[in-house]
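A.B. asks:
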Ligand code: SF4
Ligand code: SF4
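Residue numbers (my numbering): 23 to 461.
#1: For a test of the three-state rule: what should DSSP assign to residue 73, helix, strand or coil?
#2: Quick check on residue 188: does DSSP put it in helix, strand or coil?
#3: Could you say which of 148, 89, 156, 179 lies nearest to residue 200 if we only look at CA atoms?
#4: For a test of the three-state rule: what should DSSP assign to residue 131, helix, strand or coil?
#5: Excluding sequence positions up to five away, which residues of its chain have a Cβ less than 7 Å from the Cβ of residue 68?
#6: Please work out which residues of its chain come closer than 8 Å, Cβ to Cβ, to residue 35, disregarding the five sequence neighbours upstream and downstream, and give them in chain order.
#7: What residues match up with residue 85 in a beta bridge as DSSP calls it?
#8: In chain order, what residues of the same chain lie with their CB nearer than 7 Å to the CB of residue 197, ignoring the 5 residues before and after it?
#9: With the cut-off set at 9 Å, would you say residue 316 and residue 352 are in Cβ contact?
#10: Collect the residues with a C-beta less than 6 Å away from any heavy atom of ligand 1 and give them in sequence order along the chain.
#11: Quick check: does the Cβ of residue 300 come within less than 8 Å of any heavy atom belonging to ligand 2?
#12: Cβ of residue 277 versus every heavy atom of ligand 2: is any distance shorter than 8 Å?
#13: Among 129, 217, 225, which residue has its Cα nearest to the Cα of residue 236?
#14: Residue 269 by DSSP, collapsed to three states: which one?
#15: Can you have a look at residue 410 and say buried or exposed, based on whether 16 or more other CB atoms are within 10 angstroms of its CB?
#16: Is the distance from the Cβ of residue 328 to the Cβ of residue 293 below 9 Å?
#17: Are residue 85 and residue 144 touching if we call contact CB-CB under 9 Å?
#18: Jot down the residue ranges of each uninterrupted alpha helix (DSSP H) in the region 308-356, minimum 4 residues, whole runs only, in chain order.
#19: Can you confirm whether the region 263-270 touches the region 375-395 when touching is taken to mean that 3 or more C-beta pairs between the two stretches lie within less than 8 Å?
#20: Suppose you measure from the CA of residue 238 to the CA of residue 372; what does that come to, to the nearest Å?
#21: Put residue 144 into one of helix, strand or coil per three-state DSSP.
#22: Report, in whole angstroms, the separation of the C-beta atoms of residue 276 and residue 285, which I expect to be a contact under 8 Å.
Written out as structure tokens, the structure is:
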């Protein structure tokens, strides 16, 4: 079996973390492994994953290290891991790694390693201090300074990184301030994920979760702040996906794609699940120490999961936005339920945002007002029409104004990939896993 678009999320310490953020979506996984006080992945699991993943012949071998807090494994584990990956890589190819972290463990040694091995790092920070208050240590101490220290280290060592902003009740009313924060701190790459966790009571959402109306307001205002900035090189993952869709190219984010079959999550002990919102016993596909990923992908549990995720409410089947939305993320439909009008949780937001963004992009592209964004949109339209973009939609040209290329250490996003594939680093080993977080 070949699985060309498969990405893998690895949770080497499961839910374990050195912080205690109020909105953490992964903490409930602790109930699945009650006997594991400090779950830690063994290198035999890494070896099995690399071998089995490679055998599926993915177009790009994308591994996202997440948690919990994956740096709790320690630097030596990751040193050994890249050696294992190198053993399983094919000539002219290499594994692409991304690492999502809260930044607590980062120091010069970590950053040297991450830069030298071309890890793409995601660092979590939700905006200026009051908006980041949900992110805290177990003793209640806020984590803002720690995150900023991590960012400074990543910059100093020229590690490729983006910031992950969770949209919660703490920052949902302040999209302009959050975007200004990114600009003021020279953070050119970001992704935004709405906090939409189920609450204690059936049908309710958690204290820090946002409503569809709040999400719609936030994203349209964030988009307008991005437009006003008139600097297409500011990469915001969702906006980049909308740009792909605007030009008829496939988006990379699973939420905007048709199916949920291109992601697997591997827990500390080798247990495999579909995406990491479904790390539950009933979705367990098997264990890499006893079965292969190929067997699990062909198994009844995975096929049932994919089939269920494809089943949409009647409202979606008749919706004009279906080709862009596909009913949204499956977890919203199954975990937060379907609303009284038959709509998935973020449906109202999807309709408002798609309507606003696509109309606005068309207006800017066809309008008389000169801007860098207009030039970028026209240039991209021309390139797409000329067939210069690949079928995966990943051949986006260098941004109109590129970030200064790092010198030494990791290659710049637009540099040739050191693996020798001939592609740009950002589209090859430097490419962020569908998660680049997804969600
Ligand atoms: S916008 Fe709403 S109705 Fe339309 S496809 Fe998305 S979730 Fe379904
Ligand atoms: S995050 Fe949502 S859309 Fe993506 S694979 Fe999981 S359920 Fe599917």
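Quick reminder that beta carbons are idealized off the backbone N, C-alpha and C, glycines included.
C.D. replies: According to the data block:
#1: For this step, residue 73 is matched to residue 51 along the chain shown. Helix.
#2: Residue mapping note: residue 188 aligns to position 166 of the chain shown, counting from 1. In this structure, residue 188 counts as strand in the three-state DSSP scheme.
#3: Translated into positions along the chain shown, residue 200 becomes position 178. Residue 148 is the option with its Cα nearest to residue 200.
#4: Taking the first residue of the chain shown as 1, we reach residue 131 at position 109. Helix at residue 131.
#5: Along the chain shown, read from residue 1 onward, the residue named residue 68 stands at position 46. 103, 106.
#6: For the purposes of this step, residue 35 is identified with residue 13 of the chain shown, where counting begins at 1. Around residue 35: 60, 61, 62, 63, 89, 90, 91, 92, 94, 95, 290.
#7: For the purposes of this step, residue 85 is taken as residue 63 along the chain shown, with counting starting at 1. Looking at the DSSP assignment, residue 85 forms a beta bridge with 30, 119.
#8: Position 175 of the chain shown, counted from the start, is the residue given in the question as residue 197. Taken in chain order, the residues that qualify are 240, 243, 244, 247.
#9: Taking the chain shown and counting its residues from 1, one reaches residue 316 at position 294. Taking the chain shown and counting its residues from 1, one reaches residue 352 at position 330. The criterion of a C-beta distance shorter than 9 Å is not satisfied by residue 316 and residue 352.
#10: This selection yields 337, 338, 341, 343, 344, 347, 349, 350, 365, 366, 369, 372, 373.
#11: What you label residue 300 is simply residue 278 of the chain shown in a count that begins at 1. Yes.
#12: Along the chain shown, one-based indexing puts residue 277 at 255. Yes, since a heavy atom of ligand 2 falls inside the 8 Å radius drawn around the Cβ of residue 277.
#13: Translated into the one-based positions of the chain shown, residue 236 becomes position 214. Of 129, 217, 225, the residue nearest in Cα terms is 217.
#14: Residue 269 sits at position 247 when you count from the first residue of the chain shown. DSSP places residue 269 in coil when its eight states are reduced to three.
#15: What you label residue 410 is simply residue 388 of the chain shown in a count that begins at 1. Classification of residue 410: exposed, given that the 10 Å Cβ count is below 16.
#16: Along the chain shown, one-based indexing puts residue 328 at 306. Along the chain shown, one-based indexing puts residue 293 at 271. No, the Cβ-Cβ distance between residue 328 and residue 293 is not below 9 Å.
#17: Here the question's residue 85 lines up with position 63 in the chain shown. Here the question's residue 144 lines up with position 122 in the chain shown. Not a contact, by the Cβ cut-off of 9 Å.
#18: 315-319, 322-332, 336-339, 344-347
#19: yes
#20: As a working note, residue 238 is residue 216 in the chain shown. As a working note, residue 372 is residue 350 in the chain shown. In a straight line, the C-alpha of residue 238 is about 7 Å away from that of residue 372.
#21: Counted from its first residue, the chain shown places residue 144 at position 122. Residue 144: strand per DSSP, three-state reduction.
#22: Counted from its first residue, the chain shown places residue 276 at position 254. Counted from its first residue, the chain shown places residue 285 at position 263. Correct: roughly 6 Å between the Cβ atoms.
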